[in-house]
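Asker: For the sequence shown, the working numbering gives the first residue as 10, with consecutive numbering after it. Glycine included, every Cβ here is placed at the ideal spot set by N, Cα and C. Source: prediction; values computed, not measured.
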Amino acid sequence: MMTGDRLWLPLVDMFETKDDLHVTFEVPGVREKEVNVSITGDLLTVKGERKWDKEQADGSYHRLERVYGKFERSLALPVPVQAGKVKASYRDGVLEIRLPKAEEIKPKEIKIDVL
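1) Just tell me which of Arg107, Leu124 and Val55 has its CA closest to the CA of Asp28.
2) If the criterion is Cβ atoms closer than 9 Å, does the pair Thr33 and Leu104 meet it?
3) With DSSP as the reference, label Gly78 as helix, strand or coil.
4) Between which two residues does the beta strand (DSSP E) harbouring Gly57 extend?
5) At the level of alpha carbons, what is the spacing between Lys94 and Pro109?
6) With distances taken from CA atoms, which of Leu53, Arg72, Trp17 and Glu43 is nearest Pro87?
7) Which value, in whole angstroms, describes the spacing of the CA atoms of Thr12 and Leu30?
8) Quick one: what's got a C-beta closer than 8 Å to Phe24's C-beta in the same chain, skipping five residues either side?
9) In the DSSP assignment, find the beta strand (DSSP E) that holds Ile48 and state where it starts and stops.
10) Roughly how many angstroms separate the alpha carbons of Arg59 and Asp101, rounded to a whole number?
Right under this line is the structure:
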């Protein structure tokens, strides 16, 4: 289904480890070069487009459920991250983003001598 100017929203999971935030977006059918990832302050934004390239001039669809067109999804990050060290990978329609936490929020163990 063509969406015109309407955006569609990819599904997303976010989980946190001791050192990182991990964010996974489902964007099947979207080419890697059509995905843009950015961070502004504490906001992670993923934009892209699933292009319609199946024009059928001499036939008609009986069912057309997939959505085509542009998408954009912004997520507030729950903790500060090191934006310059973010890594993203794309495989089989899944975009995985690893965001290292800022050093000041990582838990640190401090040894205290008992006298």
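Answerer: So, from the data block:
1) Position 19 of the sequence shown, counted from the start, is the residue given in the question as residue 28. Here the closest residue by C-alpha is Arg107.
2) For the purposes of this step, residue 33 is taken as residue 24 along the sequence shown, with counting starting at 1. For the purposes of this step, residue 104 is taken as residue 95 along the sequence shown, with counting starting at 1. Yes. Within cutoff.
3) If you number the sequence shown from 1, residue 78 lands on position 69. Gly78: strand per DSSP, three-state reduction.
4) The residue you call residue 57 lines up with position 48 of the sequence shown. First-last of the beta strand (DSSP E) with Gly57: Leu52 to Arg59.
5) Taking the sequence shown and counting its residues from 1, one reaches residue 94 at position 85. Taking the sequence shown and counting its residues from 1, one reaches residue 109 at position 100. The alpha-carbon atoms of Lys94 and Pro109 are separated by roughly 7 Å.
6) The residue given as residue 87 occupies position 78 in the sequence shown. That would be Leu53, whose Cα lies nearest to the Cα of Pro87.
7) Along the sequence shown, one-based indexing puts residue 12 at 3. Along the sequence shown, one-based indexing puts residue 30 at 21. Low per-residue confidence applies at Thr12: pLDDT is 48, beneath 50, and the placement is therefore not dependable, though the value from the model is reported in the following sentence. Looking at the two C-alpha atoms, the distance is approximately 32 Å.
8) In the sequence shown, the residue the question calls residue 24 occupies position 15. Leu30 and His31, listed in sequence order.
9) By 1-based counting over the sequence shown, the position of residue 48 is 39. First-last of the beta strand (DSSP E) with Ile48: Val44 to Thr49.
10) The residue given as residue 59 occupies position 50 in the sequence shown. The residue given as residue 101 occupies position 92 in the sequence shown. Each residue's alpha carbon lies about 14 Å from the other.
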